Amino acid sequence: MCESQHRSVAIIIITIIIIIIIIIIIIIIIVVVVVVVVVVVVVVVVVVVVVVVVVVVEVVVVVVVVVVVVVVVVVVVVVVVVVVVVVVVVVVVVVVVVVVVVVVVVVVVVVVVVVVEVVVVVVAAVVVVVVVVVVVVVVVVVVVVVVVVVVVVVVVVVVVVVVVVVVVVVVVVVVVVVVVVAVVVVEVVVVVVVVVVVVVVVVVVVVVVVVVVVVVVVVVVVVVVVVVVVVVVVVAVVVEVVVVVVVVVVVVVVVVVVVVVVVVVVVLLLLLLLLLLLLLLLLLLLLLLLLLLLLLLLLLLLLKLQLIKTTQRRTRRRTRRRTRRAGYDNTSGFLRKQPS
Numbered sequence: 001m002c003e004s005q006h007r008s009v010a011i012i013i014i015t016i017i018i019i020i021i022i023i024i025i026i027i028i029i030i031v032v033v034v035v036v037v038v039v040v041v042v043v044v045v046v047v048v049v050v051v052v053v054v055v056v057v058e059v060v061v062v063v064v065v066v067v068v069v070v071v072v073v074v075v076v077v078v079v080v081v082v083v084v085v086v087v088v089v090v091v092v093v094v095v096v097v098v099v100v101v102v103v104v105v106v107v108v109v110v111v112v113v114v115v116v117e118v119v120v121v122v123v124a125a126v127v128v129v130v131v132v133v134v135v136v137v138v139v140v141v142v143v144v145v146v147v148v149v150v151v152v153v154v155v156v157v158v159v160v161v162v163v164v165v166v167v168v169v170v171v172v173v174v175v176v177v178v179v180v181v182a183v184v185v186v187e188v189v190v191v192v193v194v195v196v197v198v199v200v201v202v203v204v205v206v207v208v209v210v211v212v213v214v215v216v217v218v219v220v221v222v223v224v225v226v227v228v229v230v231v232v233v234v235v236a237v238v239v240e241v242v243v244v245v246v247v248v249v250v251v252v253v254v255v256v257v258v259v260v261v262v263v264v265v266v267v268l269l270l271l272l273l274l275l276l277l278l279l280l281l282l283l284l285l286l287l288l289l290l291l292l293l294l295l296l297l298l299l300l301l302l303l304k305l306q307l308i309k310t311t312q313r314r315t316r317r318r319t320r321r322r323t324r325r326a327g328y329d330n331t332s333g334f335l336r337k338q339p340s
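Right under this line is the structure:
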C-alpha cells in the first residue's frame, strides 16, 4: 500500500510539472505570435500612410501647378492682345515682363514642389526609424520576459526533484526500519514459542520417564530437543531470507522510480532549452526581416529622389522650349530677340 501510494504521488507530481511546462510553452508561443502580428500590422500601416500622403501631396502640387500655368497663360494672352492693339513697343516690353514672370513662377513652383517632397521623404524616414526602434524595444522586452519565465520554471523543477528525492529516501529508511523491527519481533516470538514448546515437551518427557523408563525418557528428550533446535534454526533462517528478499525488492523499486523521475525531468529541461533556442532563432529572423524592410524603404526613398531630379530636368527643358517658341533665346543667360 505504501509503495502504491508513493507511486501515485510521484505520478501526480510529474503530471502537474508536465502540464505547467506545456502551459508556459503555449503562453510563450502566443506572446511571440501576437508581437509578430502587431509589428507587421504597424509596419504595413506606416508604409501605407506614407505612400498615401506622398501621393496626395504630389496630386495637390500637380493640380496647383497646372492651375497656375493656365491662369498665367490666359493672363499673358489677354495682355498680349491688348498691348498689340495699343502699341508695338509696349507689346515688346509686356512680352518680356510676362516671360520673366512665367519663368519666375515656374521656378518658384518647382522649388516649392521639391521642398514639399523632401519634407515628406524626411518625415517618412523619421516615422520608419521610430517604428523600427519601437519594434526592437518590444522584441528585447519579450526576450527578457521569456528568459525570466524559463529560469523560474527551472528553479521550480529543481525544488520539486529535491523534494521527491528526500521523500523517497525517507520512505526507504522507514521501510527498512519497519522490516528490521518486524524481523526482531518475529525472532523473539519464535524463540518464546520454542521455549514454551521445549518446556512442555520436557515436562511431558519427565512425567513419561518417571512413569515408564528413565533411559527411554532420556533418549526421547534428547531426540525431541534436537528436532526442536533444528526446526527453530530452519524457521529463523527462512524468515531472515524472506525479510532480506523483501528489503532488496523494495530498495530496487525505489531506486528505479527515482532514476525514472530524474530522467524525465532532465528530458523536459532539454526540451525547454530547445524551445528557447527556436524562439531566439525566430526573433533573429524577425530582426533580419525588419532590416530588409528598412533597406527596401531606403531604396524607395532613393528612387523618389531620382524621380524628383528627373522632374526638375524635364521642367527646365519645357521652359527653354516655351521661351524659344515665343521668339527669345535664353541659352546665354539673357533674354534676347532671335534674328528673323
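Under the UniProt record's numbering, the first residue of the sequence shown carries the number 1, and numbering increases by one thereafter.
Quick reminder that beta carbons are idealized off the backbone N, C-alpha and C, glycines included.
Values in this document were obtained by computation on a predicted structure and should not be read as measured data.
Can you list, in chain order, the residues of its chain whose CB lies under 6 Å from that of residue i, leaving out five sequence neighbours each side?
i: residue 1; result: In this predicted model, residue 1 has a pLDDT of only 47, less than 50, meaning its place in the structure is not dependable enough to derive any value.
i: residue 340; result: Because residue 340 carries a pLDDT of 48, less than 50, the predicted location of this residue cannot be relied on, and the following value inherits that uncertainty. Same-chain partners within the cutoff: there are none.
Comparing alpha-carbon positions, which option in the options lies nearest residue i?
i: residue 204; options: 189, 193, 220 and 168; result: 220
i: residue 199; options: 189, 175 and 224; result: 224
i: residue 98; options: 110, 79 and 111; result: 79
i: residue 146; options: 33, 311, 314 and 279; result: 279
i: residue 41; options: 135, 77 and 284; result: 135
i: residue 61; options: 51, 114 and 19; result: 114
i: residue 102; options: 72, 33, 293 and 127; result: 72
i: residue 201; options: 315, 226 and 143; result: 226
i: residue 116; options: 238, 310, 55 and 295; result: 55
i: residue 49; options: 230, 215 and 131; result: 131
i: residue 315; options: 69, 53 and 34; result: 69
Quick one, are the C-beta atoms of residue i and residue j less than 8 Å apart?
i: residue 247; j: residue 179; result: yes
i: residue 319; j: residue 129; result: no
i: residue 118; j: residue 57; result: no
i: residue 191; j: residue 235; result: no
i: residue 163; j: residue 287; result: no
i: residue 24; j: residue 160; result: no
i: residue 183; j: residue 251; result: no
i: residue 254; j: residue 171; result: yes
i: residue 110; j: residue 306; result: no
i: residue 137; j: residue 257; result: no
i: residue 232; j: residue 194; result: yes
i: residue 283; j: residue 143; result: yes
Skipping 5 residues on each side, what residues in its chain have a beta carbon closer than 7 Å to that of residue i?
i: residue 197; result: 228
i: residue 38; result: none
i: residue 66; result: none
Beta-carbon within less than 8 Å of residue i's beta-carbon, same chain only, minus the 5 sequence neighbours each way: which residues are those?
i: residue 291; result: none
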